[in-house]
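J.: Heads up: the sequence shown begins at 583 in the working numbering, then just goes up one per residue. All C-beta atoms, glycine included, are put in the ideal place defined by N, C-alpha and C.
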Amino acid sequence: MPIHTIKMPDIGEGIAEVELVGWHVREGDQVSEDQPLAEVMTDKAAVEIPSPVNGRVQTLCGALGEMIAVGAPLIHIELADDSAPPTQPVAAPTDQQDPISPQATCRSRRTPVGPEPAAACHQAANPRPLASPSIRRRAREHDIALHALQGSGPGGRIVHGDIDATLARTHPSHGTPANPPPVAAVTGPPARTGTQQIQVIGLRRRIAEKMQASMQRIPHFSYVEEVDMTDLEALRQSLNIEYSATHGRLTLLPFLIQALARATEAFPQINACYDDEAGIITRHAALHLGIATQTPGGLVVPVLRHAESRDLWGNAAEITHLSHAAREARLPREALSGSTLTLTSLGALGGIASTPIINHPEVAIVGVNRQVERPVVRHGRIEVRRMMNLSSSFDHRVVDGMDAARFIQELRRLLETPALLFLPAPG
583 MPIHTIKMPD IGEGIAEVEL VGWHVREGDQ VSEDQPLAEV MTDKAAVEIP SPVNGRVQTL
643 CGALGEMIAV GAPLIHIELA DDSAPPTQPV AAPTDQQDPI SPQATCRSRR TPVGPEPAAA
703 CHQAANPRPL ASPSIRRRAR EHDIALHALQ GSGPGGRIVH GDIDATLART HPSHGTPANP
763 PPVAAVTGPP ARTGTQQIQV IGLRRRIAEK MQASMQRIPH FSYVEEVDMT DLEALRQSLN
823 IEYSATHGRL TLLPFLIQAL ARATEAFPQI NACYDDEAGI ITRHAALHLG IATQTPGGLV
883 VPVLRHAESR DLWGNAAEIT HLSHAAREAR LPREALSGST LTLTSLGALG GIASTPIINH
943 PEVAIVGVNR QVERPVVRHG RIEVRRMMNL SSSFDHRVVD GMDAARFIQE LRRLLETPAL
1003 LFLPAPG
């Protein structure tokens, strides 16, 4: 039977390589046309790769976590009798080329990014004992040759127990005394042992790379301010009593978005992106608000476009749509890019304060903490008020401390006097 090589297709957006995060088939499986074969992760979203032919899977050309270049072999299919290969040409070996088996092609096109199997660690041309910096430091302090030790950790890794055992054999003074003093019996739950190693792939890897890049490139500073939410909460409850049956129920989020739309109009330097390579700051008239959303797979940031052009209920409906799509992994790639400012909230778990990380290349992120009732002095009297902190971070290359403080104070003014949200902005 002829063998058809399925190569990693070009999925657009100038992407040169993708991460392999899942196989939907195994070697030997029968597959049909359009059946999902694999799942890959781009910088923005997961994409399924379907089969263009009917046949039997002969070889899978990658391990989970590997980076696959566009055009590189992904899978080899033994074609069924009734299946013709796709019309796109597949390069054949020239007279000067040696025939290459599918397995060899797979190996030559892989770009491993994760750890190789443990056995490979002992087959390297110039083996180096697997040990952490603290282990190596202890070994130097006690003149222990690490290459002479047989590591008892995962993959032959040398652990502290191996150092302790060596010291007990070669340096009795470091071991247990011959007649140790009696120790009182201790009762309690048994000690926990064991470790778990988890390969960082897929969305978790994208989150890790994005957060690390943001922290390394952006000089953050944070600003925390408390806001009296009592009047806004009373208004929200009244609106829900009056309109929830016809317009839907309002959470706090639409009010925050209305306030952000007004505040960024007054402070356009906050609703901006900074291209630090070109040295250009782009201020945006439209508020495309990224809303940090926790999903079963990790954190994603769907974008609420033109938040300034909707009313409370319009933004509430769009938020519901985006959050449901995010949690069900149905967001298109374009819904995860193009934000100009990000809002992050942990809701009831929001704590007292936080230091959120800016979503590069934006220059600010606004964080919302938990609302709590506590005593507050107002007009010389102690009253119980509903208080909430705003914890926000700014790019100090673009936003001065005074501008950040004024922006947050304007946001506070709008939230503490919610009637302002329904009035036209002063000309």
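From G776 to I585, what distance separates their C-alpha atoms?
T.: Counting only the Cα atoms, I585 lies some 45 Å from G776.
J.: I'd like the list of long-range same chain contacts for W895, defined as Cβ closer than 8 Å, with 5 residues on each side in sequence excluded.
T.: Y825, H829, G830, L832, P836
J.: Would you decide whether L904 is buried or exposed? Buried here means 16 or more other CB atoms lie within 10 Å of its CB.
T.: buried
J.: Can you list, in chain order, the residues of its chain whose CB lies under 6 Å from that of Y909, leaving out five sequence neighbours each side?
T.: According to the sequence provided, residue 909 is Arg. The question's Tyr does not apply to it. Hits under 6 Å: T877.
J.: Considering just the uninterrupted stretch of the beta strand (DSSP E) at N636, what are its terminal residues?
T.: Here N636 belongs to no beta strand (DSSP E), and DSSP marks it neither H nor E.
J.: Take the Cβ of T812 as the centre, count every other Cβ of all protein chains shown within 10 Å, and call the residue buried at 16 or more, exposed below.
T.: Buried.
J.: By Cβ distance, which residues of its chain are closer than 6 Å to P938, with the 5 residues on each side in sequence left out?
T.: T926, I947, G949, S975
J.: Find out if the Cβ-Cβ distance for the pair Q617, S633 is shorter than 8 Å.
T.: yes
J.: Assign F989 to one of two classes, buried (16 or more other C-beta atoms within 10 Å of its C-beta) or exposed (fewer than that).
T.: Taking a 10 Å sphere around the C-beta of F989, we find 16 or more other C-beta atoms and assign the residue as buried.
J.: Give every residue of the same chain whose Cβ lies closer than 7 Å to the Cβ of A843, excluding the five residues on either side of it in the sequence, and list them in chain order.
T.: Same-chain partners within the cutoff: L869, A889, E890.
J.: Would you please state the rounded distance, in angstroms, between the beta carbons of I659 and R638? I believe it to be under 8 Å.
T.: 7 Å
J.: Look up S826 in the DSSP assignment and say whether it is helix, strand or coil.
T.: helix
J.: Does the structure place the region 596-607 close enough to the region 878-888 that three or more beta carbon pairs sit under 8 Å?
T.: The region 878-888 makes no contact with the region 596-607, as fewer than three CB pairs between them are under 8 Å.
J.: Taking the C-alpha atoms as reference points, what is the distance between R995 and F1004?
T.: 14 Å
J.: Where do the ends of the alpha helix (DSSP H) carrying S974 lie?
T.: Segment 963-977 is the beta strand (DSSP E) holding S974; no alpha helix (DSSP H) there.
J.: What separation, rounded to the nearest whole angstrom, lies between the Cα atoms of A673 and R786?
T.: Caution applies to A673, whose pLDDT of 37 falls short of 50 and renders its modelled position unreliable; the model cannot decide the point.
J.: Take G597 and list the residues in its own chain whose beta-carbon comes closer than 8 Å to its own, dropping the five residues that flank it on each side.
T.: Contrary to the premise, residue 597 reads as Ile rather than Gly in this sequence. So the qualifying residues of the chain are T624, D625, V652.
J.: Evaluate the contact criterion for the region 797-805 versus the region 967-986: three or more CB pairs, one atom per stretch, below 8 Å.
T.: yes
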